[in-house]
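A.B. asks: There's a structure below that I have some questions on.
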Ligand SMILES: [Zn+2]
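Okay, structure coming up:
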């Protein structure tokens, strides 16, 4: 169904150039951006005077099955079907925050795959989802209760094949305490089948990079030699500072244990902890954006805190660089820079309208007024709306 929308006025974020420019007009035609420039009105006209149009945001690290306000192990092991209700809530929250692409890096069993399908089928408003299926970890490893547990190179290889068979877009490997041989088995298998690998590496990052992973989550305190290897091999970093920041800031109100809050405050105060990220960035390592939403005290609509902290730590110097990380760089990480991540004719109509001047005030990122995902209006007047079934279904998939 072809449907035109023209957005004119205000400013727009040029993700390629990393700057704000006046918005001469953007025409959305069905699922794509048909035209950017001095356009006549076509279809519905939206006056963006005083507002900002940006490409849809990419939250490339999150967990839709987790609600952001419950203990991970408790909800993973005991919530059963309730996890699928949480997925729905997570999808809505994410898209209401302007997220049009979400990389789910592990939930419980098949939750990431279900979220992806529910969004594709138009059952619920939400961003496009990429998923790792189940994350892979060793027996007793990090978040073992939701993961595919695998030990030894053969089992790790099999676990990798299983995720790809089930439709994983990425492999998420909990590198913690895996041997180099086990890490290599995963990466070799995934790459043989054309699927990239990311890892929650922590202090095992050196091994993970050696094994050939494509991306590292959370970052860490890397020395110069490791930074150089990360850069040389073209490995991406998604820093995810939000759990530390938001647990320190809001943990008390959300009922988090004082000992956890104290630890998070100490981590925030320890600048050395984040110097590795700053060094990596300055050395030319590529960064994308992710909040680790679904983690305790990190709801799926919390975007601003991550952006502010990246600037505060000096990982990025300019606000425009953070916005690039959250748009075009993200698209590059997932190999979709030809089809999304910036406001250019021919790209997918993943577009967000913010009610204010983002160039003047970064917190305007929270004033999401409208969101289109593949041209489908998912958020109107700041609230998610039910997708129109006619945008998703044709009678070719309904028995006559
Ligand atoms: Zn995570």
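Numbering (the working numbering), first residue to last: 5 to 404.
Using N, Cα and C, we set each Cβ at its ideal position, and we do this for glycine too.
(1) Alpha carbon to alpha carbon, what distance is there between residue 170 and residue 186?
(2) Less than 7 Å separating the Cβ of residue 299 from some heavy atom of ligand 1?
(3) Check whether the Cβ of residue 182 lies closer than 8 Å to any Cβ atom in chain B.
(4) With distances taken from CA atoms, which of 132, 139 and 27 is nearest residue 43?
(5) Nearest CA to the CA of residue 33: which residue from 333, 45 and 126?
(6) For residue 241 versus residue 272, is the C-beta spacing smaller than 8 Å?
(7) Find out if the Cβ-Cβ distance for the pair residue 161, residue 151 is shorter than 8 Å.
(8) Just curious, the alpha helix (DSSP H) that residue 86 is in, first and last residue?
(9) DSSP three-state call for residue 175: helix, strand or coil?
(10) Would you call the region 318-326 and the region 255-273 in contact, with 3 or more CB pairs under 8 Å?
(11) Determine, using beta carbons only, whether residue 54 and residue 14 come nearer to each other than 8 Å.
(12) Please go through the same chain and pick out, in chain order, the residues whose beta-carbon is closer than 7 Å to the beta-carbon of residue 396, but skip the five residues on each side of it.
(13) Do the CB positions of residue 65 and residue 93 come within less than 8 Å of each other?
(14) Within 10 Å of its beta-carbon, does residue 385 have 16 or more other beta-carbons around it, so buried, or fewer, so exposed?
(15) Assign residue 68 to one of three DSSP states: helix, strand, or coil.
(16) Using the C-alpha atoms, what's the distance from residue 174 back to residue 330?
(17) For the alpha helix (DSSP H) containing residue 56, list its first residue and its last residue.
(18) Closer than 7 Å: is that where the CB of residue 296 sits relative to any heavy atom of ligand 1?
(19) If you draw a straight line from the alpha carbon of residue 142 to that of residue 178, how long is it in whole angstroms?
(20) Report the residue ranges of all beta strand (DSSP E) runs contained in full by the region 15-42; include only those spanning at least 3 residues, in chain order.
(21) Please work out which residues of its chain come closer than 7 Å, Cβ to Cβ, to residue 165, disregarding the five sequence neighbours upstream and downstream, and give them in chain order.
(22) Give a yes or no on whether the C-beta atoms belonging to residue 298 and residue 70 are separated by under 8 Å.
(23) Would the beta-carbon of residue 366 be found less than 7 Å away from any heavy atom of ligand 1?
(24) Have a look at residue 81 and residue 180 and give me their C-alpha separation to the nearest angstrom.
(25) Within 7 Å: the Cβ of residue 65 and any heavy atom of ligand 1?
(26) Opposite residue 62 in the DSSP bridges: which residues?
(27) Tell me residue 8's beta-bridge partners as DSSP assigns them.
(28) Just reading off the beta strand (DSSP E) that residue 289 is part of, what are its end residues?
C.D. replies: Reading from the atomic positions:
(1) For residue 186 and residue 170, the distance between alpha carbons rounds to 21 Å.
(2) Checking the 7 Å criterion, the Cβ of residue 299 is within range of a heavy atom belonging to ligand 1.
(3) No chain B appears in the structure shown, which is made up of a single protein chain.
(4) Nearest of 132, 139 and 27 to residue 43, Cα basis: 27.
(5) Selected option, being the one with the closest Cα: 45.
(6) No, the pair does not count as a contact, with Cβ atoms beyond the cut-off.
(7) Against a cut-off of 8 Å, the Cβ pair of residue 151 and residue 161 comes out as no contact.
(8) Where residue 86 is concerned, the enclosing alpha helix (DSSP H) stretches over 86-100.
(9) Assigned with DSSP and collapsed to three states, residue 175 falls in strand.
(10) Result no; under three Cβ-Cβ pairs closer than 8 Å.
(11) For the 8 Å CB-CB criterion, residue 54 and residue 14 form a contact.
(12) For residue 396, the CB contacts under 7 Å within the same chain, skipping 5 residues up- and downstream, are 125 and 126 in chain order.
(13) Not closer than 8 Å, so no.
(14) It counts as exposed.
(15) Coil.
(16) Straight-line Cα distance between these residues: approximately 18 Å.
(17) First-last for residue 56: 56-59, but that is the beta strand (DSSP E), not the alpha helix (DSSP H).
(18) Correct: residue 296 has its Cβ closer than 7 Å to ligand 1.
(19) The straight-line gap from Cα to Cα measures roughly 8 Å.
(20) Within the region 15-42, the runs of beta strand (DSSP E) that reach at least 3 residues and sit entirely inside it are, in chain order, 15-18, 23-26, 30-33 and 36-40.
(21) Its chain contains 193 as the residues whose beta carbon lies nearer than 7 Å to that of residue 165, once the 5 sequence neighbours on both sides are disregarded; these appear in chain order.
(22) When the beta-carbon positions are compared, residue 298 and residue 70 come within less than 8 Å of each other.
(23) No; taking the cut-off as 7 Å, the Cβ of residue 366 has no heavy atom of ligand 1 nearer than that.
(24) Rounded to the nearest angstrom, the two C-alpha atoms are 21 Å apart.
(25) Taking non-hydrogen atoms of ligand 1 into account, the C-beta of residue 65 is found less than 7 Å away from one of them.
(26) Bridge pairing for residue 62: 105 [DSSP].
(27) According to DSSP, residue 8 shares a beta bridge with 33.
(28) Annotation for residue 289: no beta strand (DSSP E) segment contains it, and DSSP assigns it neither H nor E.
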